[in-house]
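Before any comments, here is the structure.
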Amino acid sequence: MKKMTGLKMMVLGLMAAGAMTATASAQTGESQPEKVSPLIVLGTSQVSNATFGTFLPVLMNDIIHSRDEKNNISFELFTPEDGTPDMLSVERWTDRAGFDAHLAYPYVQTFIEKVPSALRKGGTQSALFMRDLSPVPEQAIPSPQTTRNSLTVFMIKPTALASVIDATLKTAEAARATHGNLRYDVFQDISQPRRLAIFQRWVSSDALEAWNLQDAAKSYEAFLADSRETPASPQLWRPVKDIGR
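Using mature numbering (1 follows the signal peptide of the UniProt record, and there is no 0), the letters of the sequence shown map in sequence onto residues -26 to -1, 1 to 219.
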């Protein structure tokens, strides 16, 4: 059997995601046919330190053009603050059809073609297709490069899903009402309902630290410690910086 190239694997992965028709009920995790709108796509490109600088303009060209598409709501790009050369995208699309139409554009095809040579040894390119459990309107970010952000993805124990979603949405409501918060988004994987993602954006480090000291934040983190499946890393929140401008 011939070894599948990185490009073929990525294209097949996108095709498989495009064929996906089931989504999850937020509280029970049961699959049922429904149209997910908006559609959230969390992308990860694990590139090397050597290719980061040359691959970034390729991805940025894709992002800049994508933001002009009628079906795109927003397209943001981040990298971990710890220096890991990952490119993490947070994309919002009107629906699945809008995202599928996006894949046909030349700038997307160029990005796909460049991915295999940019990945580090053992690195992958992947995408999670998610639903927003508590959508709020998009707002302009005055100075995105100076915001303090985190993007975390985690799995929940099967018996804890409903209670975790309830607690997460209540925490999101409290965070959004806190001075200095710009985003506190809660996403659920369409194909694996026990996988959740939380994306936070704060105006500054001080604003984020002030939130972390609040009882709501501390109680939620303690609750998650007992509700998450054993993670590869004990760290829950993954600080990321905006590089998509």
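By construction, the Cβ of each residue, glycine as well, lies at the ideal position given by its N, Cα and C atoms. For clarity, every value in this text was computed on a predicted model and none was experimentally measured.
My output table needs one value for residue i: the three-state DSSP class, helix, strand or coil.
i: residue 217; result: coil
i: residue 60; result: strand
i: residue 222; result: Residue 222 is absent from the model: the chain starts at -26 and stops at 219.
i: residue 202; result: strand
i: residue 169; result: strand
i: residue 152; result: coil
i: residue 43; result: coil
i: residue -2; result: Here residue -2 scores only 39 on pLDDT, less than 50, and its place in the model should not be relied on; the value that follows carries that caveat. Here residue -2 sits in coil by DSSP.
i: residue 143; result: helix
i: residue 238; result: Past the boundaries of the shown model lies residue 238; the chain is included only from -26 to 219, so the question cannot be answered.
i: residue 9; result: coil
Between the alpha carbons of residue i and residue j, how many angstroms are there, rounded?
i: residue 150; j: residue 174; result: 10 angstroms
i: residue 108; j: residue 135; result: 16 angstroms
i: residue 202; j: residue 194; result: 12 angstroms
i: residue 226; j: residue 91; result: Examination of residue 226 is not possible in this model, given that the chain is present from -26 through 219 alone.
i: residue 36; j: residue 20; result: 17 angstroms
i: residue 67; j: residue 102; result: 13 angstroms
i: residue 77; j: residue 156; result: 29 angstroms
i: residue 106; j: residue 198; result: 19 angstroms
i: residue 164; j: residue 100; result: 15 angstroms
i: residue 171; j: residue 133; result: 18 angstroms
i: residue 189; j: residue 148; result: 10 angstroms
i: residue 46; j: residue 24; result: 31 angstroms
i: residue 212; j: residue 71; result: 31 angstroms
i: residue 104; j: residue 15; result: 6 angstroms
i: residue 29; j: residue 88; result: 8 angstroms
Across which residues does DSSP place residue i in a beta bridge pair?
i: residue 158; result: 174
i: residue 65; result: 15 and 49
In the DSSP assignment, find the beta strand (DSSP E) that holds residue i and state where it starts and stops.
i: residue 48; result: 46 to 54
i: residue 19; result: 13 to 20
Specify, as a first and last residue, the run of the alpha helix (DSSP H) that residue i falls within.
i: residue 38; result: 23 to 40
i: residue 185; result: 179 to 186
Quick check: is any heavy atom of the ligand HEM less than 7 angstroms from the C-beta of residue i?
i: residue 116; result: With respect to the ligand HEM, the structure shown offers nothing to examine, as it has no ligands at all.
Using a Cβ-Cβ distance cut-off of 8 angstroms, determine whether residue i contacts chain D.
i: residue 104; result: No chain D appears in this structure, which consists of one protein chain only.
* Asked: Considering only residues of the segment 77 to 137, which uninterrupted beta strand (DSSP E) runs meet the minimum length of 3 residues and lie entirely inside it, listed in chain order?
  -> Taking only runs of at least 3 residues, the beta strand (DSSP E) segments lying wholly in the segment 77 to 137 are 99 to 106 and 122 to 129.
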